[in-house]
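Chains as they are written, first to last, in the working numbering: chain A, 1 to 292; chain B, 293 to 591.
Even glycine gets a Cβ: it sits at the ideal position worked out from N, Cα and C.
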C-alpha cells in the first residue's frame, strides 16, 4: 500500500490516455463476439419465428424450397464422421505423443515434433484435395463410390491427429519427471509405468485436447466437403455418400434466399453452440489439469 | 496422487507373470514406433503426392500468368495478388487490435479484474468459432449489412476476426515472458508506463510478436470456408479493395470440385500454397525456438 497520493507507480496522464485507447481496442474484441452472435440470431430469426425448432429434426426431408427443413441426416453425418475421426485420431495421437516424449531419442523426437507441427499447418483444402484425388479413388476401387462417410472420417482423422498429438504431448511434459523415475525405480516396465502412472497423471490434459480435436472435426468444412460425396441421406454403411452440416452451408449459401438462407444460419448457430460447448468443456478440463 | 497411481500399478504388477509384462512392454514399444512410422509415412505420402503432381506444372509462367479457360490453363498471378491483399487487410486490421488487447491484458489490468476476464472469455470464444460460421457472419455483416459486397475488404476483415485470438494469445505470452525487472527498473527511474512499454517491453517481446504475426498469416492463408462467401470467386486481377478476389485456397477448391480437368493446375496451386505456408510456419517456429534459446542463456 502506498501512502503518498502520487508516486512513480501511479499512471501519468499519457498513460491514462493510452489505457483508455487500449480499453477501447479490447472492447472491440468483445464486440466482435457479440456481433457474431447477434447476426447469427438475426439472420436465423425469420425462420425461427414461424417454424418450430423440432421441425429441423422431424421434417420429412431437406427441401428448403418446399419448406421442408429436416437436418437430421446432415447432423448424423457430422456426428458420425467426427466420432469416427476421434476414434482413430485419439489413440494414434496419444501414441505419437508417447513416442516423442518417452520412446524416441531427443534428436528424433525433435524432428518428429516438427513434422507434427507442419502437419498441423497444412491447409484443410489441401487435405480435402488429397483425399479427393488420391484417397477416394483408392477406396473406390475397394468399395465404390469412394467419396463416402469412410473417406470423410479418414481425412478428418488425419487432420485432427496433430491437435491430439500436440496437446497430449504438452500434457505429458507437464507430468513431473520423478513420477516416471519412481515407477521405473520400483521395477515397473516402461509400458506399465506409462499406463499406470504417467498417463493417469496427464489424463485431464489429454481429454481437453481430445475435446478440442472434436470441436475442430465438427467445425471442419472444406476437407469433408471435398471427400464426403455430399448426398443428403441417412448413412446406412460406411460407404454411403453423406453431407455434413458444414458442407451443406458451403454448398447452398451461394444461391440460398429467404427462409432457405435463414435455415442455413440456423444450422450455423447449431454448429456454433455445439463447438462452443466442446471448447468450454475442454477449458474446464484444462482448468482442472492446472489445479491438480 | 502419485502414490495412489503407483500403488495401483504395483498391485497389478505382483500378480502379473513377468513374461506377460515383458510381452506387453515389447508389443507396446513396437506399436508406438509403428504409429510414428505410419504418421510420418502419411505426411510424406501427402506431401510427395502434391509435389510430384504439382512440380511438372510449376514454372515462372504459372506464377506470373492470368488463369485461362476457368483455370484449366494459364497461371495464378491475379490469385496470388488477391491472396496477398486479403492477408494484408486481415493483418493490418487484426495486428494493432491484437497488440493493444494483449498490452491491456498484461500491463494495464489486474488478472482478476472483471473487464480483463470478460475480454479473455471473448477471445476464448472467438478462438473456438468454426471457420464456416465466420463465413456466415462475414457475409451477413461485412457483405450485406455494411454493404461492402463480395470484396477483398470483406474477406480480409472476416479473416481479421478469425486470427485475432491467435495474435492476442501470442502477444500476451510474449509480454508476460518479459522479465519483471524491466518494469521495476523503469518505474524506479520514473519512466511512464507508455515509455517503458515502447522502449523496453515491446522490444523485449518483439520475436514473440513477430512469430505470432507469422502464425496468424499462416492460419489466414490456409483458410477457405470463411472466404467463399466474403471475398468471392472472381479470378480477375483485382482493381481495388472493393473488388471480389479469389484466394489461393478457394482457387484449389474451385479447380478440384467445379472445373472438370482442373486437377493439374489445382496440384500446382496446392504446391505453391503449401510451400508458402510451410515457409511461414517454419519461420515462426524457428523464431520462437531462437527466442526461447536466448532466454535460457540469459537466465
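Distance between residue j and residue i (C-alpha atoms, nearest Å)
| i | j | result |
| --- | --- | --- |
| residue 565/B | residue 576/B | 17 Å |
| residue 150/A | residue 334/B | 17 Å |
| residue 585/B | residue 548/B | 43 Å |
| residue 542/B | residue 519/B | 7 Å |
| residue 157/A | residue 103/A | 23 Å |
| residue 427/B | residue 414/B | 18 Å |
| residue 407/B | residue 28/A | 12 Å |
| residue 111/A | residue 124/A | 23 Å |
| residue 94/A | residue 298/B | 21 Å |
| residue 232/A | residue 226/A | 14 Å |
| residue 38/A | residue 135/A | 40 Å |
| residue 344/B | residue 129/A | 14 Å |
| residue 32/A | residue 453/B | 7 Å |
| residue 555/B | residue 364/B | 8 Å |
| residue 455/B | residue 155/A | 24 Å |
| residue 291/B | residue 573/B | The structure shown has nothing for residue 291/B, since chain B only spans 293 to 591. |
| residue 392/B | residue 105/A | 42 Å |
| residue 352/B | residue 562/B | 16 Å |
| residue 55/A | residue 259/A | 14 Å |
| residue 244/A | residue 69/A | 14 Å |
| residue 36/A | residue 429/B | 6 Å |
| residue 199/A | residue 277/A | 25 Å |
| residue 581/B | residue 499/B | 10 Å |
| residue 479/B | residue 282/A | 39 Å |
| residue 311/B | residue 210/A | 34 Å |
| residue 59/A | residue 234/A | 13 Å |
| residue 375/B | residue 359/B | 15 Å |
| residue 482/B | residue 11/A | 11 Å |
| residue 490/B | residue 469/B | 16 Å |
| residue 174/A | residue 166/A | 12 Å |
Buried/exposed call for residue i, threshold 16 Cβ in 10 Å
| i | result |
| --- | --- |
| residue 532/B | exposed |
| residue 355/B | exposed |
| residue 529/B | exposed |
| residue 2/A | Because residue 2/A sits at a pLDDT of 49, beneath the cut-off of 50, its placement in the model cannot be relied upon, and the following sentence gives the value as read from the coordinates. Result: exposed. |
| residue 473/B | exposed |
| residue 579/B | buried |
| residue 255/A | exposed |
| residue 461/B | buried |
| residue 13/A | exposed |
| residue 122/A | buried |
| residue 241/A | buried |
| residue 62/A | buried |
| residue 329/A | A question about residue 329/A goes unanswered here, because the residues of chain A that appear run from 1 up to 292. |
| residue 315/B | exposed |
| residue 431/B | buried |
| residue 139/A | buried |
Supposed contact pair residue j and residue i - C-beta distance, whole angstroms, cut 8 Å
| i | j | result |
| --- | --- | --- |
| residue 171/A | residue 202/A | 4 Å |
| residue 342/B | residue 398/B | Not a contact, Cβ separation roughly 40 Å. |
| residue 516/B | residue 434/B | Wrong, their Cβ atoms sit about 17 Å apart, outside the cutoff. |
| residue 560/B | residue 346/B | 5 Å |
| residue 229/A | residue 145/A | 6 Å |
| residue 90/A | residue 164/A | 6 Å |
| residue 600/B | residue 467/B | Lying before the first or after the last residue shown, residue 600/B is absent from chain B, which here runs from 293 to 591. |
| residue 410/B | residue 30/A | 6 Å |
| residue 545/B | residue 536/B | Their Cβ separation, rounded to whole angstroms, is 15 Å, which puts residue 545/B and residue 536/B out of contact at 8 Å. |
| residue 328/B | residue 99/A | 4 Å |
| residue 57/A | residue 74/A | Residue 57/A to residue 74/A, Cβ: 10 Å. No contact. |
| residue 127/A | residue 262/A | So it is not a contact: roughly 31 Å between Cβ atoms. |
| residue 312/A | residue 162/A | Because chain A in this structure spans residues 1 to 292, residue 312/A falls outside the shown range and cannot be described. |
| residue 422/B | residue 271/A | 6 Å |
| residue 608/B | residue 25/A | An answer regarding residue 608/B cannot be provided, because it is not within the stretch 293 to 591 covered by chain B. |
Near the ligand NAP: residue i beta-carbon under 7 Å from a heavy atom
| i | result |
| --- | --- |
| residue 419/B | Ligands displayed in this structure: none; no statement on the ligand NAP is therefore possible. |
Proximal chain D residues relative to residue i, where beta-carbon distance stays under 9 Å
| i | result |
| --- | --- |
| residue 153/A | Considering every chain present, this structure includes no chain D. Its protein chains are A and B. |
Segment contact flag, the region 189-197 of chain A with the region 314-324 of chain B, C-beta cutoff 8 Å, min 3 pairs
yes
Are the region 259-269 of chain A and the region 44-54 of chain A touching by the rule of at least three beta carbon pairs closer than 8 Å?
yes
Only counting runs of 4 or more residues, tell me where the alpha helix (DSSP H) segments fall wholly within the region 499-539 of chain B, in order along the chain.
517-520
Between the region 210-218 of chain A and the region 76-91 of chain A, do at least 3 Cβ pairs fall closer than 8 Å?
yes
Of all the alpha helix (DSSP H) runs that stay within the bounds of the region 392-444 of chain B, which reach a length of 4 or more residues?
406-420 and 423-430
Threshold first: 4 residues or longer. Then list the alpha helix (DSSP H) segments lying entirely within the region 326-374 of chain B, N to C.
352-356
Touch test, the region 366-380 of chain B against the region 430-448 of chain B, Cβ-Cβ under 8 Å, three pairs minimum:
yes
Three or more C-beta pairs under 8 Å: does that hold for the region 508-515 of chain B against the region 566-573 of chain B?
yes
Is the region 247-254 of chain A touching the region 179-188 of chain A in the sense that three or more CB pairs, one from each, lie closer than 8 Å?
no
Complete runs of the alpha helix (DSSP H) confined to the region 35-105 of chain A [at least 4 residues]
55-58 and 72-98
List, from N- to C-terminal side, the alpha helix (DSSP H) runs of 4 residues or more that fit wholly inside the region 437-488 of chain B.
444-469, 472-480 and 485-488
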